[in-house]
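Chemist:
There are 2 protein chains.
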Amino acid sequence: MTNEAEDKLDTLRTDPDEQMIVDRIYSAVMEQKLAPRTKLSELALCETFGVGRMRVRRALLLLSSQGIVDLQSNRGAYVACPSADEAREVFVARLMIETGIVRELARCIGENDVQALRAHVEKEELARKSDDRTEVIRLSGAFHVELAERHENPVLTRVVRELVTRTSLIVALFGTNQASTCPDDEHASIIDAIVSGNPHSAEEAIRHHLLHVQNSLDLEQTQKAEPDLVKILTGRI
Amino acid sequence: MTNEAEDKLDTLRTDPDEQMIVDRIYSAVMEQKLAPRTKLSELALCETFGVGRMRVRRALLLLSSQGIVDLQSNRGAYVACPSADEAREVFVARLMIETGIVRELARCIGENDVQALRAHVEKEELARKSDDRTEVIRLSGAFHVELAERHENPVLTRVVRELVTRTSLIVALFGTNQASTCPDDEHASIIDAIVSGNPHSAEEAIRHHLLHVQNSLDLEQTQKAEPDLVKILTGRI
DNA sequence: AATTTCTGCATTGTTAACAATCTATGTCAA
DNA sequence: TTGACATAGATTGTTAACAATGCAGAAATT
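Each protein sequence line maps, in turn, to chains A and B. Using UniProt numbering, you'd call the opening residue of the first sequence number 1 and step up by one each time. Using UniProt numbering, you'd call the opening residue of the second sequence number 1 and step up by one each time.
(1) How far does the alpha helix (DSSP H) with D131(A) in it extend, from its first residue to its last?
(2) With a threshold of 7 Å between beta-carbons, can I97(A) be considered close to chain B, or not?
(3) Find the residues of chain B that neighbour G100(A), judging by a C-beta separation of less than 8 Å, and give them in chain order.
(4) Determine, for L156(A), whether the minimum Cβ-Cβ distance to residues of chain B falls below 7 Å.
(5) Would you mind stating whether A106(B) and I206(B) have Cβ atoms separated by less than 7 Å?
(6) Note down, in chain order, each residue of its chain lying with its Cβ closer than 6 Å to the Cβ of S189(B), except the 5 sequence neighbours on either side.
(7) Is any beta-carbon of chain B found at less than 7 Å from that of R207(A)?
(8) At what residues does the alpha helix (DSSP H) containing D85(A) begin and finish?
(9) Could you list the residues in the UniProt domain "HTH gntR-type" (15 to 82) of chain A with a C-beta less than 7 Å from some C-beta on chain B, going in chain order?
(10) Below 6 Å CB to CB, which residues in the same chain sit around P82(B) once its five sequence neighbours on both sides are set aside?
(11) Roughly how many angstroms lie between the CA atoms of D185(A) and H209(A), to the nearest whole one?
(12) What whole-angstrom Cβ distance do A172(B) and Q32(B) have, given they're in contact under 8 Å?
(13) Across which residues does DSSP place K39(B) in a beta bridge pair?
(14) State yes or no: is the beta carbon of V90(B) nearer than 7 Å to at least one beta carbon in chain A?
(15) Could you confirm whether any beta carbon from chain A is found closer than 7 Å to the beta carbon of residue 250(B)?
(16) What does Q159(A) reach in chain B if we use C-beta pairs closer than 9 Å?
(17) By the criterion of Cβ-Cβ separation under 7 Å, what are the contact partners of E104(B) in chain A?
(18) Quick check: T165(B) and I68(B), are their CB atoms within less than 7 Å of each other?
(19) Give a yes or no on whether the C-beta atoms belonging to N153(A) and E89(B) are separated by under 7 Å.
(20) Among the candidates I109(A), E149(A), D85(A), whose CA atom is the shortest distance from the CA of D218(A)?
(21) What does the Cβ neighbour count give for M54(B), buried or exposed, with the cut at 16 atoms within 10 Å?
(22) According to the Cβ coordinates, are A35(B) and V102(B) closer than 7 Å?
(23) Let me know if R58(B) comes out buried or exposed under the rule of 16 or more other beta-carbons within 10 Å of its beta-carbon.
(24) Residues in the same chain with beta-carbon distance under 7 Å from R161(B), minus the five sequence neighbours each way, listed in chain order, please.
(25) Near A148(A), what residues of its chain come up, given a Cβ to Cβ distance below 7 Å and the 5 sequence neighbours on each side ignored?
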């Protein structure tokens, strides 16, 4: 009786298929396995995930509402392709939000949380040593989500995850070949600053890090690949 | 030719019907015209907005992804009913984000922006004097969105708007009859602190204000109305 | 009378067919 | 060769019918 009720609760919140598709695409974007402008055709997704078209379309709608996917009327869904302006907006937002996150962490972080963060950085180093590029990229972004998660605040975590994922797209588009991933010593510095208990220096550490990432990008010039070839050719804009 | 292209661009991003439904429900929640737990039946929405069921369902999905609507499998959509924990999470998130917003505003706000904010507060006072409760509620929340909008950063604005809207639900659920809306003199104080150019005092002003709102709530006790009667009666949880 | 079970109705979820739009290819004229 | 135009195929958008589930009221049993 109790078990049955619990089972129902699981399926109640979010359909497993639905969230599965969203998560998989989310992860793929984070690991830069899905490049901006990649077409996500409904049929392909249906076959990939073995679900009906409705599920796919719902997942795409959710992804588009979070800026990960660009839904174009009658033309299909594409992995989003943030403009330079959007990129700056994401970084400004991240600066404001993540400084708040580390500031509060500096005030009251538990030993367990510190260990979790250090373990994460260690994983990053390992992945770096093994030249596992995909894993390095994934962990670099995940570190910032991990920071947010220390607050055990789903609302906050969701916001940060969205911004981090969009950052992956931005790096893919504007990243210069050098230094397109967070150097992990900066991550370690952030942890140190938090542990030191000084909110201000923690803020400075993350601000420095985010600005460093942003400056490693090429936001002034044109984007990688065709700027907006598709739209231009079809007479839009 | 150019006009035609622009017209297309409009319909390209978000379907007007779709966004219209979302916005209307969003506004209704902000103005506390839609109470938590209100059932949003598909048929009723179809008739209200004169659109097909598909549009309605898509709108509900979007609203649920933002925590405004609770989609229950086979049971329908209800205006969300945040728990006390969720409420605290929203306030923590708002504290972190909005302190960042006003801090940066204190560093670099233009004269136009100040005027826009002051005009907003004046509208609040007017509404208060006319005892237009709905309008007061709407403007109280909108002030915080207005603050975010000074950064001209859609990413940031979207996050704040979502949190503010969820706060409306929280106030509706946990608000004591007294002081359930932001007192506008605090809004004025926030502007003053920003104008003074001191980031720290601006942070303090908004922190004070948000804590004040949170403390005017009754987050410890049970929620207004039936705590979770529906779920209990149907044997869930 | 209270509780349980059953039945019909209303609402939601899903599917599949259809309509509309876009893309690519091929044809024709300049 | 180049460009416009037309056609066919593929893809997306929409609708309507159907299936599944939940809900409320009636009937029946204790």
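For each residue, glycine too, the CB sits at the ideal point set by N, CA and C. Computed from a predicted structure; not experimentally measured.
Modeler: Straight from the coordinates:
(1) Against the first sequence, residue 131(A) aligns to sequence position 131. First-last for D131(A): undefined, no H or E at that position.
(2) Residue numbering aside, residue 97(A) sits at position 97 when the first sequence is read from its first letter. Yes, I97(A) lies at the interface with chain B (some Cβ there is under 7 Å from its Cβ).
(3) For the purposes of this step, residue 100(A) is identified with residue 100 of the first sequence, where counting begins at 1. Simply L95, M96, I97, T99, G100.
(4) In the first sequence, residue 156(A) corresponds to position 156, counting from 1. For L156(A), the answer is yes, since a Cβ of chain B falls inside 7 Å of its Cβ.
(5) Taking the second sequence and counting its residues from 1, the one referred to as residue 106(B) is at position 106. Taking the second sequence and counting its residues from 1, the one referred to as residue 206(B) is at position 206. Against a cut-off of 7 Å, the Cβ pair of I206(B) and A106(B) comes out as no contact.
(6) Within the second sequence, the letter at position 189 stands for residue 189(B). Hits under 6 Å: A205.
(7) Indexing the first sequence from 1 puts residue 207(A) at position 207. Not an interface residue.
(8) By 1-based counting over the first sequence, the position of residue 85(A) is 85. It spans 84 to 107 - the alpha helix (DSSP H) in which D85(A) sits, taken as one unbroken run.
(9) R58, L61, L62, S65, Q72, S73
(10) Here residue 82(B) refers to the residue found at position 82 of the second sequence. Here the set comprises L169, I170.
(11) Walking along the first sequence from the start, residue 185(A) turns up at place 185. Walking along the first sequence from the start, residue 209(A) turns up at place 209. Each residue's alpha carbon lies about 10 Å from the other.
(12) Reading the second sequence from its first residue, position 172 is the one you call residue 172(B). Reading the second sequence from its first residue, position 32 is the one you call residue 32(B). Indeed, because the Cβ distance is near 5 Å, the residues count as touching under 8 Å.
(13) Taking the second sequence and counting its residues from 1, one reaches residue 39(B) at position 39. K39(B) is bridged to Y78(B).
(14) Taking the first residue of the second sequence as position 1, residue 90(B) is located at position 90. It does: the Cβ of V90(B) has a partner Cβ on chain A nearer than 7 Å.
(15) Any question about residue 250(B) goes unanswered here, given that chain B covers just 1 to 237.
(16) What you label residue 159(A) is simply residue 159 of the first sequence in a count that begins at 1. Per the sequence shown, the amino acid found at residue 159(A) is Val instead of Gln. Per Cβ cutoff of 9 Å: A93, I97, V159, E162, L163.
(17) Counting from one through the second sequence, the residue named residue 104(B) turns up at place 104. Here the neighbours are M96.
(18) What you label residue 165(B) is simply residue 165 of the second sequence in a count that begins at 1. What you label residue 68(B) is simply residue 68 of the second sequence in a count that begins at 1. Yes, Cβ-Cβ distance for T165(B) and I68(B) is below 7 Å.
(19) Here the question's residue 153(A) lines up with position 153 in the first sequence. Here the question's residue 89(B) lines up with position 89 in the second sequence. Contact: yes.
(20) In the first sequence, the residue the question calls residue 218(A) occupies position 218. Looking at the Cα atoms, D85(A) is the closest of the given residues.
(21) Taking the second sequence and counting its residues from 1, one reaches residue 54(B) at position 54. Per the 10 Å Cβ criterion, exposed.
(22) By 1-based counting over the second sequence, the position of residue 35(B) is 35. By 1-based counting over the second sequence, the position of residue 102(B) is 102. Taking 7 Å as the Cβ cut-off, A35(B) and V102(B) do not qualify as a contacting pair.
(23) Along the second sequence, one-based indexing puts residue 58(B) at 58. Classification for R58(B): buried.
(24) In the second sequence, counting from the first residue as 1, residue 161(B) sits at position 161. For R161(B), where only same-chain residues beyond five positions count, the Cβ hits under 7 Å are V145.
(25) Residue mapping note: residue 148(A) aligns to position 148 of the first sequence, counting from 1. Excluding residues within five positions, the ones whose Cβ falls inside 7 Å are I101, L156, T157, V160.
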